[in-house]
Amino acid sequence: MALAGGALADSAFSAAEQRAIAASGLPRASVVSVKPDVVVAIRSRGSLSQGGGVVEGVVLQGEVVSGQAAQMLGYRSLRSTVNIDCARRRDMVVKMTVFTEPGAKGVAINRHVPGGWVQPSPDAYLSDVIRAVCAALPREALAAPQPLDPAPGRAAPAAQARSADEDGPVRTSLDARAAQAAAPDPPAATAEPLRGTLPPPPPPPAPTPKAEPKPAPVRAPGKVAVQIAASATSAQAREALGKLRGKIAPPLGTEVRSVVVDGRTFHRALVTGFRTRAEAQAFCSGLKGDCFVR
């Protein structure tokens with residue numbers, strides 16, 4: 083049951099969920115999503131974009147209410163800024179900061195975000211956020227955003243390109259260089275043959291065979307691993323690992339490891355085989371997404 087402002091009434095929460103809200107310390111009127119381990123509230127509702135349909139700059143705060151979940155996730159509190167596309171029911175995470183202590187306190191760690199629009203699964207907390215934000219908008223604001231018309235007196239870029247040469251394609255510097263490279267060299271002037279006979283040139287020396295390079299020895303895998311995702315299904319965990327294809331080479335490997343936390347099964351997507359924690363942390367720093375050393 084949603085109120086006019088998008089928050090949920092007390093009657094919409096079970097007794098266990100109301101206890102989780104109380105443990106989170108978040109304002110009850112701002113809470114829009116209660117999961118077994120995380121409670122999420124809207125701290126700022128952002129503003130409607132000029133073209134309509136997109137709410138920009140929505141600020142969320144999430145509190146992890148389970149100690150085991152906090153240990154698995156690696157944080158106790160999070161702040162994130164997201165854009166919401168109400169017309170297409172999708173979100174774009176712009177910024178995310180996690181904290182080692184509840185209430186956005188302790189050490190602040192900026193997490194890499196993938197960027198781009200994502201349609202969350204129905205049971206994800208961001209689906210609850212989308213419903214709450216979009217329910218508070220007027221119906222006309224839910225239309226898909228329209229592109230802005232070009233300024234009067236200024237032709238669109240495509241039209242300008244066509245007007246430059248209506249009968250053929252516009253040649254660019256790249257086209258000119260390609261044509262120059264494809265043009266055949268002019269024929270060399272034919273020299274008048276010399277009179278008389280010359281001795282034939284000596285045969286060229288035989289090429290020296292090159293030694294085949296020896297393959298580099300493969301290091302033995304280490305015992306340090308990093309976790310890039312914790313998914314509800316093993317298929318989702320394998321999908322997360324599949325996105326790293328091309329970035330992982332021996333002695334590194336991948337593994338999906340299942341754990342049970344508070345009666346729920348999570349499937350950890352792990353990259354294994356690092357020899358040191360510093361090597362694993364350097365790998366995490368190069369990823370655009372959640373990653374921490376286990």
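According to my numbering, the residues represented by the sequence shown are 83 to 376, in order.
Ideal Cβ positions, reconstructed from N, Cα and C, are used throughout, including at glycine.
Taking only the alpha-carbon atoms, compute the straight-line gap between residue i and residue j and give it to the nearest angstrom.
i	j	result
Gly355	Val343	25 Å
Val306	Ala312	17 Å
Leu108	Ala102	10 Å
Ala214	Ser96	18 Å
Cys373	Gly345	24 Å
Ser366	Val308	Just to set this straight, residue 366 is Cys in the shown sequence, not Ser. Rounded to the nearest angstrom, the two C-alpha atoms are 8 Å apart.
Arg158	Lys296	50 Å
Glu294	Ala186	58 Å
Ala94	Cys216	18 Å
Ala98	Met174	30 Å
Ala360	Gly304	12 Å
One question on the structure: do residue i and residue j come within less than 8 Å of each other, judged by their Cβ atoms?
i	j	result
Gly144	Leu160	yes
Ala123	Ser112	yes
Ala319	Arg357	no
Val141	Arg125	yes
Val211	Asp167	no
Ala322	Ile330	no
Val338	Ser316	yes
Note down, in chain order, each residue of its chain lying with its Cβ closer than 6 Å to the Cβ of residue i, except the 5 sequence neighbours on either side.
i	result
Val189	Thr182
Gly335	Thr354, Gly355
Ser115	Val122, Tyr207, Asp210
Phe348	Ala312, Val341
Among the residues of its own chain, which have a CB less than 7 Å from the CB of residue i, if the five just before and after it don't count?
i	result
Arg172	Trp199, Val200, Gln201
Near residue i, what residues of its chain come up, given a Cβ to Cβ distance below 8 Å and the 5 sequence neighbours on each side ignored?
i	result
Ala302	Pro333
Ser129	Val137, Glu138, Gly139
Ala241	Summary for Ala241: the model assigns pLDDT 41, below 50, so the residue's position carries little reliability, and this model does not support an answer.
Arg127	Gly88, Val137, Val140, Val215, Ala218
Measuring CA to CA, which of the options is closest to residue i?
i	options	result
Gly328	Lys296, Leu369, Gly149	Leu369
His194	Phe348, Val176, Ser316	Val176
Val120	Gly149, Gly133, Gln132	Gly149
Pro196	Met178, Ser203, Pro184, Ala186	Met178
Val180	Ala169, Met174, Arg170, Asn192	Asn192
Throw me the rounded Cβ distance for the residue i and residue j pair, which I believe falls under 8 Å.
i	j	result
Ala364	Val375	No, Ala364 and Val375 are not in contact; Cβ-Cβ is about 10 Å, not under 8 Å.
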